[in-house]
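Residue 6 is where the sequence shown starts when you use the working numbering, and the numbers rise one by one after that. Read through the structure below, which is laid out as structure tokens, and then see the notes.
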Amino acid sequence: MPPGLRPVSGLISNRNMTSSHKSKKQDLPPTAWAVLGLLSFPGERTGYELKKWADSSLRFFYWSPAVSQIYAELSRLEELGYAASARSGPEEARSKRRYAITAAGREALAGWAADSAEAGPPVLKHGLLLRIWLGHLAEPERLRARVGEHLEHTRGELAAVREAMEHAREVPQWAFPALALRWSERQHLAELELTEALLADLDGLAAPASPAASASPNASDKPHSPGAPRSLNGLDGPDAPDAPDAPDGPDAPDGPDGPDGL
Numbered sequence: 006m007p008p009g010l011r012p013v014s015g016l017i018s019n020r021n022m023t024s025s026h027k028s029k030k031q032d033l034p035p036t037a038w039a040v041l042g043l044l045s046f047p048g049e050r051t052g053y054e055l056k057k058w059a060d061s062s063l064r065f066f067y068w069s070p071a072v073s074q075i076y077a078e079l080s081r082l083e084e085l086g087y088a089a090s091a092r093s094g095p096e097e098a099r100s101k102r103r104y105a106i107t108a109a110g111r112e113a114l115a116g117w118a119a120d121s122a123e124a125g126p127p128v129l130k131h132g133l134l135l136r137i138w139l140g141h142l143a144e145p146e147r148l149r150a151r152v153g154e155h156l157e158h159t160r161g162e163l164a165a166v167r168e169a170m171e172h173a174r175e176v177p178q179w180a181f182p183a184l185a186l187r188w189s190e191r192q193h194l195a196e197l198e199l200t201e202a203l204l205a206d207l208d209g210l211a212a213p214a215s216p217a218a219s220a221s222p223n224a225s226d227k228p229h230s231p232g233a234p235r236s237l238n239g240l241d242g243p244d245a246p247d248a249p250d251a252p253d254g255p256d257a258p259d260g261p262d263g264p265d266g267l
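Have a look at this one:
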């Protein structure tokens with residue numbers, strides 16, 4: 006079960022449930038909906054407990070907000086009447102305050118989840134691939150080490166996803182979170198496959214070139230027949246004199262047309 010899960014004990018905040026409620030549909034940032042989504046499951050939780058739960062679920066397929074962001078969104082949700090909180094006394098620290106979703110919050114969240122608007126494409130920002138892209142500035146062994154570290158990190162994340170899946174299977178109400186985690190498991194398996202292929206690609210770049218591949222493609226590097234002269238630009242051309250017809254020895258004519266003029 007996720008950290009901090011407790012049965013709802015009937016949190017009531019008349020101020021939050023009535024006067025602060027706005028019937029107009031709110032244009033909230035995704036982080037606010039994510040925090041409200043954490044509250045939509047049975048139980049009441051502190052901001053710290055919400056953070057721990059986000060770290061063991063949301064981060065595998067979306068992201069986990071910082072504690073400060075969670076408390077900022079909880080304050081916003083309370084102002085809108087979407088969440089209610091309670092504490093044992095006025096001197097109790099904010100970290101001890103427990104939050105629960107309100108009926109208005111559940112209605113708003115259901116409307117947002119069912120919205121027909123495009124969810125938007127997934128955003129990929131792969132730090133390792135950015136370094137690979139700049140590989141011409143790095144040592145090959147350093148790059149390989151980075152890829153190896155990413156491989157181990159991905160294996161650890163995959164193990165964490167599978168552990169979260171086991172927890173989700175214990176609670177029938179978490180069938181849909183379990184589906185999201187199953188997708189995340191497949192995504193991490195694909196990441197492992199891609200990373201292993203990247204290592205193989207790096208090894209291919211580092212492999213010594215064959216004699217044929219190492220030969221320069223420049224015509225100036227091609228071997229010439231013994232005694233065959235080159236043109237001034239280093240390339241054979243139609244204007245190059247014929248070597249066999251050029252006279253040898255002291256009788257060779259001087260001037261630009263003779264071998265000595267080349």
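Glycine included, C-beta positions come from ideal geometry on N, C-alpha and C.
query                                                                                                                                     : result
Going by CA-CA distance only, name the one from Ala-39, Glu-78 and Arg-167 that's closest to Ala-59.                                      : Ala-39
With respect to the alpha helix (DSSP H) encompassing Tyr-53, which residues constitute its N-terminal and C-terminal limits?             : 52-60
Could you compute how far the alpha carbon of Asp-120 sits from the alpha carbon of Asp-32?                                               : 12 Å
Identify the residues that DSSP records as bridge partners of Ser-90: which are they?                                                     : Tyr-104
Please tell me whether Glu-49 and Tyr-87 are closer than 8 Å, where the distance is taken between their beta carbons.                     : no
So what does DSSP say about Ser-45, is it helix, strand or coil?                                                                          : coil
Whole-angstrom Cβ separation of Leu-197 and Leu-156, contact assumed at under 8 Å?                                                        : 7 Å
Using three-state DSSP, classify Pro-177 as helix, strand or coil.                                                                        : helix
DSSP three-state label for Ala-169, please.                                                                                               : helix
For the alpha helix (DSSP H) holding Ala-77, just list the boundary residues, first then last.                                            : 72-85
Ends of the alpha helix (DSSP H) at Gly-132?                                                                                              : 132-138
I think Gly-110 touches Leu-41, with their Cβ atoms under 8 Å apart; what is that distance to the nearest whole Å?                        : 6 Å
Quick check on the burial criterion: 16 or more other C-beta atoms within 10 angstroms. Buried or exposed for His-193?                    : buried
Are Ala-183 and Ala-195 closer than 8 Å when you measure CB to CB?                                                                        : no
Within this structure, are the beta carbons of Glu-83 and Ser-73 separated by less than 8 Å?                                              : no
Could you say which of Ala-165, Pro-177 and Tyr-76 lies nearest to Arg-64 if we only look at CA atoms?                                    : Ala-165
Below 8 Å between beta carbons: does that hold for Leu-85 and Arg-149?                                                                    : no
On the CB-based measure, 16 or more other CB atoms within 10 Å of its CB, does Leu-134 come out buried or exposed?                        : exposed
Under the assumption that Ala-185 contacts Ser-61 (Cβ atoms under 8 Å), give the Cβ distance between them as a whole number of angstroms. : Not confirmed; about 12 Å, so no contact.
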